[in-house]
Structures are given as structure tokens and as C-alpha cells.
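*Asks:*
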Amino acid sequence: MIPAPFEYHRPESVEAAVKLIADFGDSARVLAGGHSLIPMMKMRMTDIAHLVDLQKIGTLKGIRIDGRSVTIAAMTTQHELIASADLASVAPILREAALQIADPQVRYVGTIGGNVANGDPGNDMPALMQCLGATYHLQGPDGARTVKARDFYEAAYFTARTDEEILTAVSFEAPAGGHAYVKQKRKTGDYATAAAAVVIAKSGGSCSAASIAMTNLSDTPVWCEGAGEALVGTALGAADVGNAVNAMLEVINPQDDNKGPAEFKRHAAAVVLRRAIERAASRA
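The sequence shown begins at 1 in full-length UniProt numbering and counts up one residue at a time.
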């Protein structure tokens with residue numbers, strides 16, 4: 001289908017983009033990669049009179065690494081995450097996850113900001129950012145503020161970002177130890193049936209720290225605090241991994257849909273988490 005008529009804006013600064021959104025209110029939306037917004041416009045599932053394209057704002061692009069502190073500007077594409085040798089050296093889990101998003105054509109245009117900001121429970125980066133304990137940077141008419149990724153998602157497509165705010169960057173401390181992002185999907189390019197992001201640190205042969213988050217198994221990404229705690233202090237044996245899997249299954253809430261019944265998703269979640277823990281442990 002063809003979208004309804006709209007006015008196109010291409011500001012050159014975040015401040016100008018924020019002003020446009022404030023001026024036009026509910027009739028305006030920002031455009032990052034566009035893979036979620038453009039199809040909705042074509043199907044006329046959203047009423048947008050003003051499209052604010054962020055592509056020309058230079059401050060919204062780039063990866064900055066200071067020691068182990070990583071800041072990724074919102075308009076950085078998935079391809080740029082994959083191609084960055086500096087990022088791969090401190091946080092290779094970003095590359096591992098980005099390579100499993102859609103296909104190369106999508107990854108050349110899709111942005112990390114768009115992936116984390118719109119609240120789609122099927123997106124891969126939100127759970128990963130929760131696993132990493134990331135912080136989101138927002139800017140609106142009242143200035144800049146930050147929100148923890150673990151506090152950002154409220155329900156499917158509902159987040160802590162207000163309508164007048166733009167997500168400008170994500171930041172996190174690069175994790176120590178081993179990592180894994182394991183995803184089960186029906187076909188190349190599809191959303192996950194279930195996916196797990198895991199970071200594990202070891203000391204003296206046992207797990208000293210662990211963080212686990214799951215993708216597309218609830219109406220928000222799920223940071224499974226209890227699952228990580230179940231691994232700490234253990235030798236990461238089969239029973240220990242089983243305890244973490246059981247803790248994860250207690251907090252997810254999958255629903256029946258075209259990817260399968262809820263019980264199948266719970267089975268898939270257990271399989272991918274077990275694989276992710278084993279892979280992260282082997283890399284730690």
C-alpha cells in the first residue's frame with residue numbers, strides 16, 4: 001500500500017528534531033531505520049502527518065570507547081556494530097547479536113536506537129542491553145536524562161520514553177568474562193521464537209557473576225535476575241544450569257501466536273538458555 005500524505009522534515013540537530021516533535025505533537029514521529037514505522041505507514045495503521053528523519057544529525061552516529069566504557073549513538077546501524085573492530089575487542093556480544101538480526105539489507109539501515117526505543121518485544125537489542133546493565137540517554141524539551149534499560153520497558157510498545165523525547169545513545173560497561181547470544185527462529189530474517197543473552201564471569205573455577213535476559217518471551221524483554229543468581233558460586237555443572245533454566249521459566253510469560261504455542265516457546269527458551277550458558281561459560 002501507499003502511505004497517507006505527510007510532510008517530511010530533515011533536521012540537522014537533536015534540538016531541532018525535538019522542537020519539531022514538540023510543535024507537531026501526536027501527528028509527528030521520528031524516523032531512524034524505518035523498518036517498523038514505514039510498514040505501519042504503508043498499511044495505514046498509524047496516522048502520521050509529519051515525519052522527522054534523524055539521518056542528517058551527525059551527533060547521533062558513531063561508537064565511542066573509553067577504556068571499558070562504551071557509548072553507541074542511536075543512529076549507528078547494526079552493520080556498523082558488526083564492522084567495528086574496536087567494539088568487537090571489548091564487547092563481542094554486540095557483534096554476535098547483531099549478526100542474528102534480520103538480513104544484511106536490513107542491518108545496513110536498521111539502527112540500534114530504533115531497535116531499543118520502540119518497545120517491540122521481538123527486537124533483539126533490548127534484552128541484550130538489559131543483560132549488559134545498559135543506560136539509555138534521552139533528550140526532550142526539558143533537557144537530557146537517562147533511564148536504565150532494565151527500567152525502560154513497561155509493556156509491548158510502551159516505554160519510559162515520552163512522546164516528545166528522542167533516544168540519543170546507549171551506554172554500558174563492557175562485560176568481563178564470557179558471553180553468548182543464542183537465538184531460535186523459524187527462518188532467516190525472522191524474529192526470535194526465543195533468544196537468550198548471557199554474560200558469565202569466573203573466578204577460581206566457579207561462577208563469580210552472571211547476567212541473563214530473554215527475548216520475545218513476554219510483552220517486554222525479561223532480565224532474569226534469579227537465573228543469574230542461581231549460577232553464582234557454582235561450578236556451572238548440569239544441575240546448576242538446570243536451576244538457572246528453572247528460575248528463568250518462572251518469570252517469562254510467552255503467549256500462543258504464529259510462532260507456536262506457549263508451551264513450545266517455553267521449551268525453546270529452556271534450550272536456548274542452556275546453550276547460551278554453556279557457550280558463555282566456555283568463553284569465560
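Beta carbons are placed, not taken as given, at the ideal position from N, Cα and C, and that holds for glycine.
Pick from Met-43, Asp-53 and Ile-112: whose alpha carbon is nearest that of Ala-9?
*Replies:* Sequence inspection shows His at residue 9; the Ala mentioned does not correspond to that position. For His-9, the closest alpha carbon among the candidates Met-43, Asp-53 and Ile-112 is that of Asp-53.
*Asks:* Measuring only the C-alpha atoms, how far is residue 369 from Glu-15?
*Replies:* Nothing can be reported for residue 369: it is not among the residues displayed for the chain, which extend from 1 to 284.
*Asks:* If you draw a straight line from the alpha carbon of Lys-148 to that of Ala-49, how long is it in whole angstroms?
*Replies:* 31 angstroms
*Asks:* Within 10 angstroms of the Cβ of Glu-80, are there 16 or more other Cβ atoms? Answer buried if so, exposed if not.
*Replies:* Burial check for Glu-80: the Cβ neighbour count within 10 Å reaches 16 or more, so the residue is buried.
*Asks:* So, is Met-1 buried or exposed, given that buried needs 16 or more other C-beta atoms within 10 angstroms?
*Replies:* exposed
*Asks:* What does the Cβ neighbour count give for Ala-155, buried or exposed, with the cut at 16 atoms within 10 Å?
*Replies:* Here Ala-155 is exposed. Its C-beta has fewer than 16 other C-beta atoms within 10 Å.
*Asks:* Please name the residue, chosen from Gln-255, Ser-208 and Gly-178, that lies closest to Ala-284 on a Cα-to-Cα basis.
*Replies:* Of the candidates Gln-255, Ser-208 and Gly-178, the one whose C-alpha sits nearest the C-alpha of Ala-284 is Gly-178.
*Asks:* Reducing DSSP to helix, strand and coil, say where Ser-171 ends up.
*Replies:* DSSP places Ser-171 in strand when its eight states are reduced to three.
*Asks:* To which residues of the same chain is Ser-36 closer than 8 angstroms at the C-beta, ignoring the five residues directly before and after it?
*Replies:* Within the same chain, Ser-36 has close Cβ partners Gly-114, Asn-118 and Asp-120.
*Asks:* Relative to the alpha-carbon of Asn-216, which residue among Gly-226, Ile-200 and Ala-195 has its alpha-carbon at the smallest distance?
*Replies:* Ala-195
*Asks:* Which partner residues of Ile-63 appear in the DSSP bridge assignment?
*Replies:* Ile-72
*Asks:* With 16 as the cutoff for other CB atoms within 10 Å, does Tyr-181 come out buried or exposed?
*Replies:* buried
*Asks:* What's the gap between the Cα of Leu-138 and the Cα of Arg-161?
*Replies:* Here the alpha carbon of Leu-138 sits roughly 7 angstroms from the alpha carbon of Arg-161.
*Asks:* If we call anything under 7 angstroms between Cβ atoms a contact, is Ile-200 one with Ala-213?
*Replies:* no
*Asks:* Rounded C-beta distance between Val-70 and Phe-152? I'm assuming under 8 angstroms.
*Replies:* Not confirmed; about 18 angstroms, so no contact.
*Asks:* Have a look at Tyr-136, Ala-74 and Asp-256 and flag the residue whose alpha-carbon is nearest the alpha-carbon of Gly-33.
*Replies:* Ala-74
*Asks:* For Val-232, which residues in the same chain have their Cβ closer than 8 angstroms to its Cβ, ignoring the five residues on either side in sequence?
*Replies:* For Val-232, where only same-chain residues beyond five positions count, the Cβ hits under 8 angstroms are Cys-207, Ser-208, Ala-209 and Ala-210.
*Asks:* Counting along the chain, where does the alpha helix (DSSP H) carrying Gln-105 start and finish?
*Replies:* 104–107
*Asks:* For the beta strand (DSSP E) that contains Cys-207, what are its first and last residues?
*Replies:* It spans 206–215 - the beta strand (DSSP E) in which Cys-207 sits, taken as one unbroken run.
*Asks:* Distance, Cα to Cα, Val-241 vs Asp-256?
*Replies:* 26 angstroms
*Asks:* Between Glu-164 and Ile-21, how many whole angstroms is the CB-CB distance? I'm expecting something under 8 angstroms.
*Replies:* 5 angstroms
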